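Below is one structure, written out as structure tokens; the observations come after it.
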Amino acid sequence: MQPIIDAKDLVHEYSQRDEEGNVTGINRALDGVSLQVEEGDFIAVLGANGSGKSTFAKHLNALLTPTEGTLYVGGMECGDHTKDLDIRKTVGMVFQNPDNQIISNVVEEDVGFGPENIGVPTAEIWQRMEDALKNVGMYAYRKNSPNKLSGGQKQRVAIAGILAMKPKCIILDESTAMLDPGGRKAVIDTISRINREEKITVIVITHYMEEVTGADHVYVMDSGKVVMEGSPREIFARSHELEEHRLAVPEAVKVAMLLRDQGIPLPEDILDQEELVDAVENLWIQR
Amino acid sequence: MIRDITIGQYYQGESLIHKLDPRLKVVGVLVYLISLFCFRYVIGFLVAGLFFVLVLKLSKVPFRYVIKGLKPILFLLVFTAALNLLWTPGETIWRFGILNLTKEGIYKCIFMALRLILLIIGSSLLTLTTTPNQLTDAMEYLLGPFKRFGAPVHEVAMMMSIALRFIPILLEETDKIMKAQMSRGADFESGNLMHRLRNMIPLLVPLFVSATRRANELAYAMDARCYNGGAGRTKMKPLKYHSRDYKGYGVLVVYLVLLIVVTRTVAI
Amino acid sequence: MSIQLENVNYIYGESSGQEKWALKNINLTLHDNEFVGIVGHTGSGKSTLTQLLNGLEKPSSGQILYNGQDIQAEGFSKKELRRKAGLVFQYPEHQLFEVSVIKDVEFGPRNLGLTNLEVEKRSFDALKQVGISDELLDVAPFALSGGQKRRVAIAGVLAMQPEVLILDEPTAGLDPAGRTEILELLQRLHRENNISVILVSHSMDDVARYAERILVMNQGELVLDGAPEKVFRYRKELREIGLDVPQSANILYELRDRGMDVDTNGITPEQAAQNIADYLRRQS
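The listed protein sequences correspond, in order, to chains A, B and C. Residue 1 is where the first sequence starts when you use this note's numbering, and the numbers rise one by one after that. Residue 1001 is where the second sequence starts when you use this note's numbering, and the numbers rise one by one after that. Residue 2001 is where the third sequence starts when you use this note's numbering, and the numbers rise one by one after that.
And the structure:
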């Protein structure tokens, strides 16, 4: 099957200009990124601030065009702007700041904004709005002003706004960075469930390691390049390498690693607290 | 402190007036405002005032909410009233220096004050019973004919509704920036005018930078949701006239006829 | 320096009739040279509390004493209070406005009416303390990275030489390395400059490792107050209000719940690993 996202040697350069508009320097935000995403997958792209992960995400939605390399989204080539609208119908994007992506003063009208833009008939807009808001658990707030909602709730409304456009793929571009732990969990739980139940491809861009434990595949970016990839277990087993890229493994993984360093025979691929506690309990029973 | 400001104050309700089509309400208010300038006798205010009371009762908006709208223009009201009262030439009743109280002055003063009050409370009834979104929808529709001459009617309506969404956000942000700078010893309250203006820079620069950043991100977010201008767009809440709206237009016509008849026959 | 709060309440929107208690009956003394962490959810009242401490907001009732003096009393200088209790807001973008880093930091001390020489010296020193290198002094603050902006914002307050540094979510949005860098900077300032630090955060993990005392806020009330190890003993209560103890401590408690007699005194991964290893060795 054709992958929903197929990037090959993707390069993106920003040019810095002085006050007269002369190019004074070139900043390579993406430096030869190649990766493929299969439909239905849950993918995480990890990276520290300034690693290029957000620049990459904006290409998938045709908000930025590659300087070099090729990118196919749903079989359509990004680059000439003829297919922009179709690409954005295929891949929806949730951004970082919840306030700067909600357009309307009423929750339900905001969810209707996308469908209105792509010419969905009125009756169907209402149906889609209802379904989408129920899906993210925000239906009770449909008549509210977004200003009265918490950050996590606003992001769930933003997800509903994308869902109502029925995309094949949803990208969360650092959508949890400004939320508190509770809001973060609600957003990640919501998007994971959407991935499972609706079979929508999900790409989560983040620097919070706890959010990627449920992913099918993890890419780690640094300085515009993909520097590590693998399953969460494989990635977390390489915690020293992660630290070099300004990232950190979840604490439970770190504790497991320190224990192994001390010669305690724990399995290599411990992912979270529960697995660690189980493993220690097993050792205890054996002794 | 800044958080207390409310803009586009809407009084939530389910009354008949709330439910009326926003186009009818905008047209109605315009007609009403113009009508206030179409008579020369105080008797006109009786008709206009009764009509206002009728609509107010139907809207179930408490009178004190309507009165609140007068507060900001209280000074203007008193000023124009005093001006008319004391400087209108005519039959003198009382005189002190350049102040000249005349019979005509008293009449004109009452006349102007009543007109100004009805102007304000009449239009505030529109914003109290109509959501900002309905208002922009109505504006977009009513200005629709100008599209033919290339006027960006849809864009202007979209801008208005986005502005309304971001006003509270920017107000809150202003509050935060002021506090952040006050924590560094900034003073926004004392000094002469030039001094105060200069002291605003630490507030205005971050606010401007932030607003620009927000605008940028919002543009991305709108692009990402396939916003492409007004063409090919459907509406989630299309405006549709109901029978009550036609009746509403009827009532408006009856008001106008009544006003003309009364002011032409009774000269008080 | 000491700050005392006595029966402090803070109520929003009294005039509109929709009262909301942001703070309920807070009693609390902050001592000299402490590193205090204030933890709570969004809306728990922790941000309001910081703004009361430096006089930006007024309590609806109750008293706040700074070094024994009522800060609402007539004649008490709010400006002086704001200098002594330096508050750094969450987003550095809310305060950076000058054309260069050094000028921006100079804004605070200049408002104190110091001589040019003193202003420059303090600003220079503050930037050095937060680890901003010399070549960045003339750069526009907007061109800095997120972590650098936060350092400059902290320097902007440090240059006023406060007695206590209050920070509202200084690590929000930073990557793990950036977060550690800021927290270690605060620890260094606290240890080397003997400055009190009050760190407000919604993350127990951030606070646990650095604070000597933790205050837990929930819905406007101060529910726990004590040393980290003491506070973490209330694991169930914390979980009920949706806060978790740091993962490392949690692991130790979890093991104990399953019948293993591990030492539960440990907050960092290193301590947790050590305690578990010790326990397992004792068993064999």
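Quick reminder that beta carbons are idealized off the backbone N, C-alpha and C, glycines included. Computed from a predicted structure; not experimentally measured.
With DSSP as the reference, label residue i as helix, strand or coil.
{"i": "Cys169 of chain A", "result": "strand"}
{"i": "Val2099 of chain C", "result": "coil"}
{"i": "Asn2111 of chain C", "result": "helix"}
{"i": "Thr2042 of chain C", "result": "coil"}
{"i": "Phe2232 of chain C", "result": "helix"}
{"i": "Glu77 of chain A", "result": "strand"}
{"i": "Ala29 of chain A", "result": "strand"}
{"i": "Ala1186 of chain B", "result": "coil"}
{"i": "Asp180 of chain A", "result": "coil"}
{"i": "Tyr1227 of chain B", "result": "coil"}
{"i": "Asn2009 of chain C", "result": "strand"}
{"i": "Arg2213 of chain C", "result": "strand"}
{"i": "Gly47 of chain A", "result": "strand"}
{"i": "Ser1059 of chain B", "result": "helix"}
{"i": "Lys2024 of chain C", "result": "strand"}
{"i": "Ser1243 of chain B", "result": "helix"}
{"i": "Thr1006 of chain B", "result": "A caution first: Thr1006 of chain B carries a pLDDT of 44, below 50, which makes its placement in the model too unreliable to give a value."}
{"i": "Ala2085 of chain C", "result": "strand"}
{"i": "Gly2037 of chain C", "result": "strand"}
{"i": "Phe2142 of chain C", "result": "helix"}
To the nearest angstrom, how far is it from the Cα of residue i to the Cα of residue j?
{"i": "Met1112 of chain B", "j": "Glu2074 of chain C", "result": "46 Å"}
{"i": "Gln127 of chain A", "j": "Val107 of chain A", "result": "15 Å"}
{"i": "Ile1098 of chain B", "j": "Trp1087 of chain B", "result": "8 Å"}
{"i": "Thr2115 of chain C", "j": "Gln2072 of chain C", "result": "30 Å"}
{"i": "Gln2051 of chain C", "j": "Lys1176 of chain B", "result": "11 Å"}
{"i": "Gly1250 of chain B", "j": "Gly119 of chain A", "result": "35 Å"}
{"i": "Leu2280 of chain C", "j": "Ile5 of chain A", "result": "48 Å"}
{"i": "Glu281 of chain A", "j": "Met228 of chain A", "result": "32 Å"}
{"i": "Val204 of chain A", "j": "Tyr72 of chain A", "result": "19 Å"}
{"i": "Val1061 of chain B", "j": "Tyr1107 of chain B", "result": "31 Å"}
{"i": "Arg1115 of chain B", "j": "Phe1045 of chain B", "result": "8 Å"}
{"i": "Asp222 of chain A", "j": "Ala2143 of chain C", "result": "20 Å"}
With a Cβ-Cβ cutoff of 8 Å, do residue i and residue j count as a contact?
{"i": "Leu2186 of chain C", "j": "Leu2199 of chain C", "result": "yes"}
{"i": "Met195 of chain A", "j": "Phe42 of chain A", "result": "Looking at the sequence shown, residue 195 of chain A is not Met but Asn. For Asn195 of chain A and Phe42 of chain A, yes; Cβs fall inside 8 Å."}
{"i": "Ser175 of chain A", "j": "Gln153 of chain A", "result": "no"}
{"i": "Arg287 of chain A", "j": "Gln2148 of chain C", "result": "no"}
{"i": "Gly79 of chain A", "j": "Thr65 of chain A", "result": "yes"}
{"i": "Leu2127 of chain C", "j": "Ala2155 of chain C", "result": "yes"}
{"i": "Arg1225 of chain B", "j": "Phe95 of chain A", "result": "no"}
{"i": "Asn2025 of chain C", "j": "Ser2060 of chain C", "result": "no"}
{"i": "Asp1137 of chain B", "j": "Leu1030 of chain B", "result": "no"}
{"i": "Gly1028 of chain B", "j": "Leu1118 of chain B", "result": "no"}
{"i": "Asn2067 of chain C", "j": "Met2160 of chain C", "result": "no"}
{"i": "Leu2030 of chain C", "j": "Asn2054 of chain C", "result": "no"}
{"i": "Ile162 of chain A", "j": "Thr190 of chain A", "result": "no"}
{"i": "Lys185 of chain A", "j": "Gly40 of chain A", "result": "no"}
{"i": "Ala237 of chain A", "j": "Glu268 of chain A", "result": "yes"}
{"i": "Ser51 of chain A", "j": "Ala7 of chain A", "result": "no"}
{"i": "Asp2168 of chain C", "j": "Pro2141 of chain C", "result": "no"}
{"i": "Leu2028 of chain C", "j": "Leu2222 of chain C", "result": "yes"}
So the candidates are the options; which of them puts its Cα closest to the Cα of residue i?
{"i": "Asp165 of chain A", "options": "A:Glu116, A:Val11 and A:Val218", "result": "Rather than Asp, the amino acid found at residue 165 of chain A in this sequence is Met. It is A:Glu116 whose Cα lies nearest to the Cα of Met165 of chain A."}
{"i": "Glu2237 of chain C", "options": "C:Leu2252, C:Leu2255 and C:Asn2218", "result": "C:Asn2218"}
{"i": "Pro1202 of chain B", "options": "C:Ile2166, C:Asn2111 and C:Asp2125", "result": "C:Asn2111"}
{"i": "Phe2089 of chain C", "options": "C:Glu2118, C:Val2262, C:Arg2151 and C:Glu2184", "result": "C:Arg2151"}
{"i": "Leu2096 of chain C", "options": "C:Gly2043, C:Gly2146 and C:Tyr2253", "result": "C:Gly2146"}
{"i": "Gly92 of chain A", "options": "A:Ile171, A:Ser231 and A:Ser51", "result": "A:Ile171"}
{"i": "Thr1234 of chain B", "options": "A:Gly182, A:Ser239, A:Thr213 and A:Ala123", "result": "A:Ala123"}
{"i": "Met1222 of chain B", "options": "A:Lys143, A:Asp99 and A:Ser239", "result": "A:Asp99"}
{"i": "Ile1209 of chain B", "options": "C:Asn2194, C:Glu2098 and C:Gly2013", "result": "Residue 1209 of chain B is actually Val in this sequence, not Ile. Val1209 of chain B has its Cα closest to that of C:Glu2098, out of C:Asn2194, C:Glu2098 and C:Gly2013."}
{"i": "Pro2228 of chain C", "options": "C:Leu2081, C:Glu2034, C:Glu2212 and C:Ile2251", "result": "C:Glu2212"}
{"i": "Gly182 of chain A", "options": "C:Glu2181, C:Thr2180, C:Leu2224 and C:Ile2241", "result": "C:Ile2241"}
Could you check how far apart the C-beta atoms of residue i and residue j are, in whole angstroms? I think they sit under 8 Å.
{"i": "Gln2004 of chain C", "j": "Leu2065 of chain C", "result": "4 Å"}
{"i": "Val1053 of chain B", "j": "Val1262 of chain B", "result": "That belief does not hold up - the Cβ atoms of Val1053 of chain B and Val1262 of chain B are roughly 16 Å apart, past 8 Å."}
{"i": "Leu1207 of chain B", "j": "Glu1173 of chain B", "result": "7 Å"}
{"i": "Glu2163 of chain C", "j": "Lys2084 of chain C", "result": "5 Å"}
{"i": "Ala44 of chain A", "j": "Ala215 of chain A", "result": "4 Å"}
{"i": "Leu10 of chain A", "j": "Gly74 of chain A", "result": "That belief does not hold up - the Cβ atoms of Leu10 of chain A and Gly74 of chain A are roughly 16 Å apart, past 8 Å."}
Are any of the Cβ atoms in chain E nearer than 8 Å to that of residue i?
{"i": "Ser1183 of chain B", "result": "Checking the listed chains, one finds no chain E in this structure; the protein chains it contains are A, B and C."}
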